[in-house]
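Peer 1: Position 38 (the sequence shown) corresponds to 38 in my numbering; numbering is contiguous. Take this structure first; my questions come after.
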Amino acid sequence: MNNEQENMVTCLDKGFVRLVDSMGGDDAIVQAARVSYGQGTSKVSQDRGLIRYLMRHRHTTPFEMVEFKFHCKMPIFVARQWVRHRTANINEYSLRYSEARDEFYIPDSENIQFQSALNKQGRSGTVPENLKKKVLDYFNDASERSFKMYQELNEAGIARELARSILPVNIYTEWYWKNDLHNLLHFIGLRSDSHAQYEIRVYSDAMAKFVKKVAPHAWEAYEDYIINGMRFSGPEQELLEKKLPDRIIDDILMDIVYQLIATLNKNKSRDKGRLYEIYKREGGIDSIDDFKLKWSSGRIKTGNVRELREFKNKLTSLRN
Ligand SMILES: Cc1cc2nc3c(=O)[nH]c(=O)nc-3n(C[C@H](O)[C@H](O)[C@H](O)COP(=O)(O)OP(=O)(O)OC[C@H]3O[C@@H](n4cnc5c(N)ncnc54)[C@H](O)[C@@H]3O)c2cc1C
Numbered sequence: 001m002n003n004e005q006e007n008m009v010t011c012l013d014k015g016f017v018r019l020v021d022s023m024g025g026d027d028a029i030v031q032a033a034r035v036s037y038g039q040g041t042s043k044v045s046q047d048r049g050l051i052r053y054l055m056r057h058r059h060t061t062p063f064e065m066v067e068f069k070f071h072c073k074m075p076i077f078v079a080r081q082w083v084r085h086r087t088a089n090i091n092e093y094s095l096r097y098s099e100a101r102d103e104f105y106i107p108d109s110e111n112i113q114f115q116s117a118l119n120k121q122g123r124s125g126t127v128p129e130n131l132k133k134k135v136l137d138y139f140n141d142a143s144e145r146s147f148k149m150y151q152e153l154n155e156a157g158i159a160r161e162l163a164r165s166i167l168p169v170n171i172y173t174e175w176y177w178k179n180d181l182h183n184l185l186h187f188i189g190l191r192s193d194s195h196a197q198y199e200i201r202v203y204s205d206a207m208a209k210f211v212k213k214v215a216p217h218a219w220e221a222y223e224d225y226i227i228n229g230m231r232f233s234g235p236e237q238e239l240l241e242k243k244l245p246d247r248i249i250d251d252i253l254m255d256i257v258y259q260l261i262a263t264l265n266k267n268k269s270r271d272k273g274r275l276y277e278i279y280k281r282e283g284g285i286d287s288i289d290d291f292k293l294k295w296s297s298g299r300i301k302t303g304n305v306r307e308l309r310e311f312k313n314k315l316t317s318l319r320n
């Protein structure tokens, strides 16, 4: 991606995320994984399928083979949260060496909300216009006044490293931030989540757009298994095992068997007569007439054989 505009996403009022460089993509993940799995292992031979398998089973190191280098500009209070992600390499604009610039984050009116009563780390509710105006006046006033004082101290020859400390945390800073895909996805998982602060979420979402472009299969797998996936704790699973009626599990299992047969047939077309045989072998219980009726409906979804078998095993383990 060489186009400057394409590589930049503007964030908040004055910030941005710019992809400076990236190394590798889906290919690099597959290439690294094949070192451990060997060339052309039958079921995982498709790149997309292999990436999905790796993500599903948290075999994460192949994802570390892809690298991203971003140039980012954000308010210092956002950088303060961002820097907690320790696996990145960072080089930041120095306010000891260079003078600060008069660039402060002033929130959009729609992002000024009350402290949330439910979430101690969140905001909610509609603030009346007169109070919003006051908030904006205070932001502008504090930013302008502190910057004037800072300039005055600079002009008086006070060391920049000391003078900077009167500047508020809504002043913008810039850095180069480099990380590998595995750790970047971890960052995105935490910082694009609805529990993260809006101002950092904007940056995380911007980086996610670049991940989607550079490694689309990895991003798709990440969305399917991590963002939209669900894990059950031990006690939750125990409750499901106790309370979920076997007939419901069996219904789902039967759907999976149909999907499995349709997928096997899509991968390698089978003789119609043999399909019912395979269906029975996979645990199907419908009569041949019901099977034919359902098969001809054309409504059976296909998926991934390995994944469907894994789902089948999980569900079977929930049966009483
Ligand atoms: C919504 C939200 C609210 C938060 N609130 C607070 C808060 O109130 N106070 C606060 O202090 N922080 C807070 N944090 C920051 C949080 O506790 C983590 O520091 C931050 O999210 C970085 O996570 P991480 O350590 O997994 O990431 P990274 O530092 O990127 O590390 C990635 C992974 O590498 C491994 N790792 C890295 N370094 C070490 C190490 N030294 N030892 C062992 N394993 C390591 C871990 O597996 C880790 O998950 C908050 C974060 C979020 C998303």
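Cβ atoms here follow ideal geometry from the backbone N, Cα and C, with glycine treated the same way. Computed from a predicted model, the values in this text were never measured in an experiment.
(1) So G283 and V305 are supposed to be a Cβ contact under 8 Å. How far apart are they, rounded?
(2) Please go through the same chain and pick out, in chain order, the residues whose beta-carbon is closer than 6 Å to the beta-carbon of E174, but skip the five residues on each side of it.
(3) Do N170 and ligand 1 come close, with the Cβ less than 7 Å from some heavy atom?
(4) Would you mind working out which of I285, I278, R309, A262 sits nearest G298, comparing C-alpha positions?
(5) So the beta strand (DSSP E) A149 belongs to, where does it begin and stop?
(6) Is the segment 176–184 in contact with the segment 53–66, if contact means three or more CB pairs nearer than 8 Å?
(7) Sort F147, F68, A196, A28 by Cα distance to R18 and report the nearest one.
(8) Does the beta-carbon of E277 have 16 or more other beta-carbons within 10 angstroms, so that it is buried, or is it exposed?
(9) Under 8 Å by Cβ, that's how I've got L95 and R145 pegged, so tell me the actual separation to the nearest angstrom.
(10) I'd like to confirm something about N89: is its beta-carbon nearer than 7 Å to some heavy atom of ligand 1, or not?
(11) So does N119 have its beta carbon nearer than 7 Å to some heavy atom of ligand 1?
(12) For the alpha helix (DSSP H) containing L315, list its first residue and its last residue.
(13) By Cβ distance below 8 Å, which residues in the same chain neighbour Y150 in space, the five residues on each side in sequence not counted?
(14) For a test of your reading of the model: does the CB of A196 fall under 7 Å from any non-hydrogen atom of ligand 1? Yes or no.
(15) Since S22 is in the beta strand (DSSP E), which residue starts that stretch and which ends it?
(16) Please name the residue, chosen from D193, E199, I188, that lies closest to V211 on a Cα-to-Cα basis.
(17) Suppose you measure from the CA of M230 to the CA of A218; what does that come to, to the nearest Å?
(18) When you compare only the Cα positions, how much space is there between E6 and A159?
(19) Distance, Cα to Cα, I106 vs A156?
(20) What are the start and end residues of each continuous alpha helix (DSSP H) run of 4 or more residues lying completely inside the segment 62–112, in chain order?
(21) With a threshold of 7 Å on Cβ separation, who are the neighbours of R319 within its own chain once the five nearest residues in sequence on each side are excluded?
Peer 2: Taking the coordinates as given:
(1) Within the sequence shown, residue 283 is the residue found at index 283, counting from 1. Within the sequence shown, residue 305 is the residue found at index 305, counting from 1. Contact flag wrong, Cβ pair sits at about 14 Å.
(2) Reading the sequence shown from its first residue, position 174 is the one you call residue 174. Only K73, Y93 meet the Cβ criterion.
(3) Taking the first residue of the sequence shown as 1, we reach residue 170 at position 170. The answer is no for N170.
(4) Working through the sequence shown from its first residue, we reach residue 298 at position 298. Out of I285, I278, R309, A262, A262 has the C-alpha closest to the C-alpha of G298.
(5) Locating residue 149 in the sequence shown gives position 149, counting from the first residue. According to the sequence shown, residue 149 is Met rather than Ala. Taken as a continuous stretch (DSSP letters only), M149 belongs to no beta strand (DSSP E), being part of the alpha helix (DSSP H) at 129–155.
(6) yes
(7) For the purposes of this step, residue 18 is taken as residue 18 along the sequence shown, with counting starting at 1. Nearest C-alpha to R18: F68.
(8) What you label residue 277 is simply residue 277 of the sequence shown in a count that begins at 1. Flag for E277 reads exposed.
(9) Residue numbering aside, residue 95 sits at position 95 when the sequence shown is read from its first letter. Residue numbering aside, residue 145 sits at position 145 when the sequence shown is read from its first letter. Between R145 and L95 the Cβ distance is about 18 Å, and since that is not below 8 Å, they are no contact.
(10) Against the sequence shown, residue 89 aligns to sequence position 89. Result no, Cβ not under 7 Å from ligand 1.
(11) Taking the first residue of the sequence shown as 1, we reach residue 119 at position 119. N119: no, Cβ never under 7 Å from ligand 1.
(12) Mapped onto the sequence shown, residue 315 falls at position 315. Where L315 is concerned, the enclosing alpha helix (DSSP H) stretches over 305–318.
(13) Here residue 150 is taken as the residue at index 150 of the sequence shown, counted from 1. Closer than 8 Å at Cβ, skipping near neighbours: A100, A163, R164, I166, L167.
(14) Locating residue 196 in the sequence shown gives position 196, counting from the first residue. Yes, the beta carbon of A196 sits closer than 7 Å to at least one heavy atom of ligand 1.
(15) The count along the sequence shown starts at 1 and reaches residue 22 at position 22. Where S22 is concerned, the enclosing beta strand (DSSP E) stretches over 15–23.
(16) Position 211 of the sequence shown, counted from the start, is the residue given in the question as residue 211. Of the candidates D193, E199, I188, the one whose C-alpha sits nearest the C-alpha of V211 is I188.
(17) Within the sequence shown, the letter at position 230 stands for residue 230. Within the sequence shown, the letter at position 218 stands for residue 218. Cα-Cα distance, rounded: 18 Å.
(18) Within the sequence shown, the letter at position 6 stands for residue 6. Within the sequence shown, the letter at position 159 stands for residue 159. For E6 and A159, the distance between alpha carbons rounds to 39 Å.
(19) Start at 1 with the first residue of the sequence shown, and residue 106 comes out as number 106. Start at 1 with the first residue of the sequence shown, and residue 156 comes out as number 156. The alpha-carbon atoms of I106 and A156 are separated by roughly 28 Å.
(20) 76–82
(21) Residue 319 sits at position 319 when you count from the first residue of the sequence shown. Within the same chain, R319 has close Cβ partners D246, I249.
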